[in-house]
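What follows is one structure encoded as structure tokens, with my remarks underneath.
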Amino acid sequence: MPRAHFSVGTPIDTVSYLLTNSGGSIMARVRGFGELEASIMDRLWNRDPDADTTVRDIFDELSTERHIAYTTVMSTMDNLHSKGWLSRERDGKAYRYRPTLTREEHSARLMLEALSGGGRSEAILSHFVAQIDAEESADLRAALRRLARKSGR
Numbered sequence: 002m003p004r005a006h007f008s009v010g011t012p013i014d015t016v017s018y019l020l021t022n023s024g025g026s027i028m029a030r031v032r033g034f035g036e037l038e039a040s041i042m043d044r045l046w047n048r049d050p051d052a053d054t055t056v057r058d059i060f061d062e063l064s065t066e067r068h069i070a071y072t073t074v075m076s077t078m079d080n081l082h083s084k085g086w087l088s089r090e091r092d093g094k095a096y097r098y099r100p101t102l103t104r105e106e107h108s109a110r111l112m113l114e115a116l117s118g119g120g121r122s123e124a125i126l127s128h129f130v131a132q133i134d135a136e137e138s139a140d141l142r143a144a145l146r147r148l149a150r151k152s153g154r
């Protein structure tokens with residue numbers, strides 16, 4: 002099976018594509034986002050985390066890459082809000098949106114879902130660790146050391 006390699010900051014639609022097209026399950030997309038949702042979330046995550054974004058902002062970006070209706074973007078962002086992925090505040094007749102989680106928090110949530118999705122945790126983690134490269138392994142060890150220091154272990 003091909004190795005699905007991606008790092009922090011890889012666009013979520015790319016991660017979903019790699020997972021679903023490299024031997025991973027189509028459930029990776031279901032647990033994450035649909036294609037348009039992923040594209041919208043990527044654009045929001047690539048902005049200043051304190052900046053609010055309108056449907057028009059996202060539509061203007063998307064429409065340079067594909068033929069898409071403003072109402073499709075509006076409905077998708079409304080759905081992301083309903084699902085809890087976006088917060089919003091009214092600004093006149095429009096809304097200003099902001100992600101409720103960072104890209105990294107979302108990725109961690111997906112990893113946790115995969116870990117709790119069935120099977121033995123030890124085996125799942127072993128398979129995961131076997132697929133990461135030396136740099137990712139060093140990052141993982143550093144994160145574990147930080148957590149151990151923080152918890153006093």
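So the numbering used here is basically just the index in the sequence shown, starting at one, shifted up by 1. Idealized CB from N, CA, C, for every residue including glycine.
Look at the alpha carbon of residue i and the alpha carbon of residue j, and state the distance between them as a whole number of angstroms.
| i | j | result |
| --- | --- | --- |
| E90 | D53 | 9 Å |
| P3 | S138 | Here P3 scores only 40 on pLDDT, less than 50, and its place in the model is too uncertain to base an answer on. |
| G119 | R146 | 27 Å |
| I59 | D51 | 16 Å |
| L45 | I133 | 27 Å |
| W40 | R121 | Per the sequence presented here, residue 40 reads as Ser, with Trp not at that position. The straight-line gap from Cα to Cα measures roughly 33 Å. |
| L115 | K151 | The sequence given here has Ala at residue 115, not Leu. The straight-line gap from Cα to Cα measures roughly 25 Å. |
| T103 | S83 | 17 Å |
| I69 | A135 | 41 Å |
| T65 | S117 | 39 Å |
| G153 | D61 | 49 Å |
For residue i, collect the residues of the same chain with a Cβ closer than 8 Å to its Cβ; drop the 5 residues on either side in sequence, then sort them by chain order.
| i | result |
| --- | --- |
| V56 | Y71, V74, M75, M78, A95, Y96 and Y98 |
| V130 | S138 and L141 |
| R67 | none |
Tell whether a beta-carbon distance below 8 Å holds between residue i and residue j.
| i | j | result |
| --- | --- | --- |
| L87 | T101 | yes |
| E38 | L81 | yes |
| L148 | G33 | no |
Buried or exposed: where does residue i fall if 16 or more other Cβ atoms within 10 Å of its Cβ makes it buried?
| i | result |
| --- | --- |
| A143 | exposed |
| G85 | exposed |
| L63 | buried |
Using a Cβ-Cβ cut-off of 7 Å (strictly less than) and excluding sequence neighbours within five positions of residue i, which residues of its own chain qualify?
| i | result |
| --- | --- |
| R48 | T54 |
Enumerate in chain order the residues of its own chain whose CB-to-CB distance from residue i is below 6 Å, with the five nearest sequence positions on each side excluded.
| i | result |
| --- | --- |
| G93 | none |
* Using 8 Å as the threshold, is the region 125-132 in touch with the region 100-110, meaning 3 or more CB pairs across them? -> no
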